[in-house]
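Top line first, the protein sequences correspond to chains A and B. Quick note: the first sequence uses the numbering used here, first residue 4, plus one each step. Quick note: the second sequence uses the numbering used here, first residue 11, plus one each step. Accompanying notes for the structure given below.
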Amino acid sequence: DAGVTQSPTHLIKTRGQQVTLRCSPKSGHDTVSWYQQALGQGPQFIFQYYEEEERQRGNFPDRFSGHQFPNYSSELNVNALLLGDSALYLCASSPGTFVLTFGAGSRLTVL
Amino acid sequence: ELKVEQNPLFLSMQEGKNYTIYCNYSTTSDRLYWYRQDPGKSLESLFVLLSNGAVKQEGRLMASLDTKARLSTLHITAAVHDLSATYFCAVDIYNFNKFYFGSGTKLNVKP
């Protein structure tokens, strides 16, 4: 079982650019959530997708958007990057509710 | 907004000693999760606590939940160096896998 896979693992962008991060959920999982983890902090909930719809959203601006595809994979898009967007972005999947399985993350550095 | 507070934030202990990490949260919930994160790695699920009085044990770690006190504890028995990591508690108050994480407890077990 491949678990949750994310790509890319590391990337560097400059302020104002746009970025797309990708996530494939664990086999059998239909719900995908995205979290932002700043250095030295706990993860913060960005949003959650189920049946290709955004089901819940955290306290993040509209610059953060996402998508879920029919095969349950998901993308996170961030527009107009700010220095403060530098963080580890974690994708987590679940078979509905209960335990989240996290991917290894995509580390974004904004210069 | 739900607040999840962990203490201590940093813990340095000798091998063989016992210690407890505390997780307090501000809103009623009967779902509490503990995760471990090694440096540069993703989050690994340790325990899922789903009811008042729940106690789970795995090796040298034992977690408990008191929903009336809004408190969970992670007890470490006879610590070993391999337990060095950052430990996060997370609360799901709406039962939709929208997790609120604490800031984490960075544990360093010295040989």
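Glycine is no exception: its CB is placed at the ideal position from the N, C-alpha and C atoms.
_Other residues of its chain near Gly61(A): CB distance less than 7 Å, five sequence neighbours each side excluded_ = Gln47, Phe48, Ile49 and Phe50
*Name, please, each residue of chain B whose Cβ falls closer than 8 Å to the Cβ of Leu93(A).*
Ser52 and Leu53
*asked:* Which runs of the beta strand (DSSP E) at least 3 residues long sit entirely within the stretch 16 to 40 of chain B? Give them in chain order.
replied: 20 to 24 and 29 to 35
_Under 9 Å, Cβ to Cβ, is there at least one residue of chain A near Ser113(B)?_
yes
*Could you give the C-beta distance for Glu55(A) and Pro73(A), rounded to a whole number, given that I count them as a contact under 8 Å?*
7 Å
*Look up Ile15(A) in the DSSP assignment and give the residues it is bridged to.*
Thr112(A)
*asked:* I'd like to know if Asn62(B) contacts chain A, where contact means its C-beta is closer than 9 Å to some C-beta of that chain.
replied: no
*Which chain B residues are close to Ala107(A), counting only those with a beta carbon under 8 Å from its beta carbon?*
Near Ala107(A) (Cβ distances below 8 Å), the residues of chain B are Lys51 and Ser52.
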